[in-house]
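Colleague: Dumping the structure here so I can ask a few things about it.
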């Protein structure tokens with residue numbers, strides 16, 4: 001027997017059952033917000049059997065044609081009469097009868113009701129989470145919410161759930177449809193995805209040869225992976241941006257969102273042309289396309305472009321930047337949270353900045369975890385809490401090396417392991433400190449070489465080669481100029497020649 005997907009107990013299906021559930025959750029009095037009461041309110045009818053409503057809401061049966069016809073008539077007649085539905089929803093939410101006499105009064109009340117505002121936001125989030133809902137519809141709903149036009153929000157959401165959303169949905173069908181819906185706005189076929197997945201799951205094959213072969217056949221997934229590898233320098237040990245562009249272009253032409261964004265990023269970084277105007281023009285063209293394809297990274301990058309004047313107008317537009325950052329953040333995009341945090345930190349609003357950093361840190365983004373750790377360690381906001389600082393620094397480490405924020409191991413080494421931490425009951429652990437300073441230095445923090453030198457100077461006779469190595473690497477950084485005198489003084493106190501004078505000069 002085929003299994004059905006329940007449509008009244010999840011947050012990723014914009015269905016009649018879930019709408020009824022959300023209305024009930026937002027109502028003041030649950031006594032007058034039963035499933036059947038809400039169903040009658042949504043169709044402006046007096047009575048219906050509980051079992052019929054239950055079958056419709058759970059999704060075991062398709063919504064009956066008589067009920068669908070009510071919304072088809074609304075749609076055909078410009079939603080004439082929908083004010084009765086809107087008033088019914090208000091009464092359910094408020095738990096009492098409102099004496100609102102006409103459409104204008106109802107619309108005005110909707111804009112002022114906190115319950116309606118919360119309901120529409122919850123329904124919008126439900127629509128966003130349902131990948132079968134077209135992005136054009138969710139974007140339209142978002143604009144209406146910004147305008148506080150909750151009347152039309154309810155029109156559009158109910159019309160979609162009742163007339164467009166299929167039910168019942170069989171679980172095995174839903175799995176295939178999920179993939180189809182993800183690829184809906186692209187020129188990518190499910191078959192191309194199948195080929196790539198098959199390649200990734202097979203053993204005993206030459207992966208590089210096979211993925212290049214797939215790319216030559218026009219497979220967008222293989223082309224994107226090769227393009228990203230060339231961008232990061234994985235293939236040859238150094239980035240090859242022109243090669244990366246060639247691969248990514250194959251994927252971009254099939255509307256692969258991330259490939260389109262990465263091409264935009266390379267243009268904006270000046271990797272593909274030395275002409276600044278061309279970089280911005282081409283970068284923006286690809287960014288806008290990636291945005292239309294649903295790339296959250298592109299939305300966030302557009303915010304950065306408006307904040308830094310790297311846009312066709314060559315002007316800073318903070319309002320546009322914030323709009324894009326908030327839009328990306330609504331998808332839990334960690335780098336958008338980080339950008340919002342940086343923005344408010346620069347404005348001197350540490351509380352707001354911290355709250356955005358915390359949102360990113362709760363999703364375990366390394367840079368944000370280190371930042372939250374700094375706020376707690378220094379007491380920037382809220383009050384100082386070394387235990388929480390230690391915890392967030394450690395969370396920051398639990399990522400792949402390429403995503404690691406290098407200051408997290410440095411901070412753990414310097415403030416918690418090198419001399420221990422009495423408040424947390426941590427004993428000094430020089431070996432751990434050295435391990436983390438080395439990790440930080442490996443990731444490009446010159447201060448870590450300085451700290452390693454000071455540790456090695458405790459036993460200069462046995463650490464000569466280590467000190468020389470750190471000094472040589474440190475001397476090639478701009479940070480060295482700031483500490484050269486201090487280092488020279490410390491080195492001069494040793495009784496042996498540790499390093500050639502040319503390094504110190």
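Residue numbers (UniProt numbering): 1 to 505. In this text, a Cβ means the ideal position worked out from N, Cα and C, and glycines have one as well.
1. My understanding is that residue 257 touches residue 293, with C-beta atoms under 8 Å, so please give their C-beta distance in whole angstroms.
2. Using 8 Å for Cβ pairs, my map puts residue 451 next to residue 413. What's the rounded Cβ distance?
3. Would a C-beta distance cut-off of 7 Å place residue 148 and residue 208 closer than the cut-off?
4. What is the DSSP secondary structure of residue 404, counted as helix, strand or coil?
5. If we count Cβ pairs, one from each stretch, closer than 8 Å, do we get three or more for the stretch 307-326 versus the stretch 339-351?
6. Is it buried or exposed for residue 370, if we count other Cβ within 10 angstroms and need 16 for buried?
7. Alpha helix (DSSP H) containing residue 215: first to last residue?
8. In the DSSP output, what is residue 56 paired with across the bridge?
9. Does residue 421 come out as helix, strand or coil in the three-state DSSP assignment?
10. Does the stretch 66-76 touch the stretch 94-109, meaning 3 or more C-beta pairs lie closer than 8 Å?
11. On a Cα-Cα basis, can you pick out the residue from 285, 139, 212 that is closest to residue 125?
12. Give the secondary structure of residue 178 by DSSP, where H, G and I count as helix, E and B as strand, and everything else as coil.
13. For the stretch 236-244 against the stretch 208-221, do three or more pairs of beta-carbon atoms, one drawn from each stretch, fall closer than 8 Å, so that the two count as touching?
14. Use the C-beta contact count for residue 155: other C-beta atoms within 10 angstroms, 16 or more gives buried, fewer gives exposed.
15. Smallest Cα separation from residue 192: which of 223, 441, 362?
16. Thinking C-beta only, is residue 446 closer than 7 Å to residue 477?
17. Residue 273 lies in the alpha helix (DSSP H); which residues open and close that run?
18. So what does DSSP say about residue 426, is it helix, strand or coil?
19. Please check the pair residue 311 and residue 267, which I expect to be a contact at CB under 8 Å, by giving their CB distance rounded to whole angstroms.
20. Mind checking residue 17: buried by the 16 CB within 10 Å criterion, or exposed?
Modeller: Quick look at the numbers:
1. For the purposes of this step, residue 257 is taken as the residue at position 257 of the chain shown. For the purposes of this step, residue 293 is taken as the residue at position 293 of the chain shown. The Cβ separation is near 4 Å, so the contact holds.
2. Taking the chain shown and counting its residues from 1, the one referred to as residue 451 is at position 451. Taking the chain shown and counting its residues from 1, the one referred to as residue 413 is at position 413. The Cβ separation is near 7 Å, so the contact holds.
3. The residue labelled residue 148 in the question sits at position 148 within the chain shown. The residue labelled residue 208 in the question sits at position 208 within the chain shown. Not closer than 7 Å, so no.
4. The residue given as residue 404 occupies position 404 in the chain shown. Here residue 404 sits in coil by DSSP.
5. yes
6. Translated into positions along the chain shown, residue 370 becomes position 370. Buried: at least 16 other Cβ atoms inside 10 Å.
7. Stepping through the chain shown from its first residue, residue 215 is reached at position 215. Per DSSP, residue 215 belongs to the alpha helix (DSSP H) from 207-216.
8. Looking up residue 56 in the chain shown gives position 56. For residue 56, which the question treats as bridged, DSSP gives no partner whatsoever.
9. Counting from one through the chain shown, the residue named residue 421 turns up at place 421. Correct three-state label for residue 421: strand.
10. no
11. In the chain shown, residue 125 corresponds to position 125, counting from 1. Selected option, being the one with the closest Cα: 139.
12. By 1-based counting over the chain shown, the position of residue 178 is 178. Model confidence at residue 178 stands at a pLDDT of 46, short of 50, so the residue's coordinates are unreliable and nothing is read from them.
13. no
14. Residue numbering aside, residue 155 sits at position 155 when the chain shown is read from its first letter. Buried: at least 16 other Cβ atoms inside 10 Å.
15. Counting from 1 along the chain shown, the entry for residue 192 is found at position 192. The candidate whose alpha carbon is nearest that of residue 192 is 223.
16. Within the chain shown, residue 477 is the residue found at index 477, counting from 1. Within the chain shown, residue 446 is the residue found at index 446, counting from 1. Result yes, Cβ atoms of residue 477 and residue 446 sit closer than 7 Å.
17. Counting from one through the chain shown, the residue named residue 273 turns up at place 273. Premise fails: residue 273 is in no alpha helix (DSSP H) and is neither H nor E.
18. In the chain shown, counting from the first residue as 1, residue 426 sits at position 426. Looking at residue 426 - three-state DSSP - the assignment turns out to be strand.
19. Indexing the chain shown from 1 puts residue 311 at position 311. Indexing the chain shown from 1 puts residue 267 at position 267. Not really, about 13 Å apart at Cβ, beyond 8 Å.
20. Counting from 1 along the chain shown, the entry for residue 17 is found at position 17. It counts as buried.
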